[in-house]
Structure formats: structure tokens, C-alpha cells
Amino acid sequence: MLTSVYAKVDAFLSAYKNDERGVTAIEYGLIGVAMAVVLGTIFAKDGSVITSLTEAFTKISDTLSDASK
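Mind the numbering: the sequence shown is residues 17 to 85 in this note's numbering, read in order.
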């Protein structure tokens, strides 16, 4: 009797250990969090990326304004 209980518990734990359901969702969640952190760091207030984009759009706007005169 004790052997059959041991066998059932061993089979259950083995199946539980090898169960990979939900792993992909967790991986996508971790990737999403990592991307949010990276993008938050890049586009932080007064960051060099924001400054470069602002300067580029200002230059484009000035060029279009001068061309329409």
C-alpha cells in the first residue's frame, strides 16, 4: 500500500515538474516589462533622444515654413 502511494505521488510530482503550460505567457510578460523599462529609459524626460527628436521636428517645421513663403 505504501508503495502504491509513493508511486502515485512520484508520478504526480513528475508530471507537475514537466508541465510547461503558461510558460510562454510568462516569457512574453517578461519581454514586455523589459521593453517598457528600456523605452522608459530612452524616452525619459530631458533625455538625449527627446532632444534630438525635438530639434529634428523643429528643423523640418522651419524648413516647411520657409518653403511656403
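Glycine is no exception: its CB is placed at the ideal position from the N, C-alpha and C atoms.
Residue i versus residue j: straight-line alpha-carbon distance, rounded
i: Val21; j: Ile42; result: 33 angstroms
i: Ala50; j: Ile76; result: 33 angstroms
i: Val54; j: Thr40; result: 21 angstroms
i: Glu36; j: Gly45; result: 15 angstroms
i: Thr67; j: Leu29; result: 55 angstroms
i: Thr74; j: Thr57; result: 23 angstroms
i: Ala60; j: Ala52; result: 11 angstroms
i: Ala27; j: Leu18; result: 14 angstroms
Where residue i falls: helix, strand or coil (DSSP)
i: Ser84; result: coil
i: Met17; result: coil
i: Phe28; result: helix
i: Glu36; result: coil
Contact set for residue i: own chain, Cβ-Cβ below 7 angstroms, skip 5 residues either direction
i: Val65; result: Ile58 and Phe59
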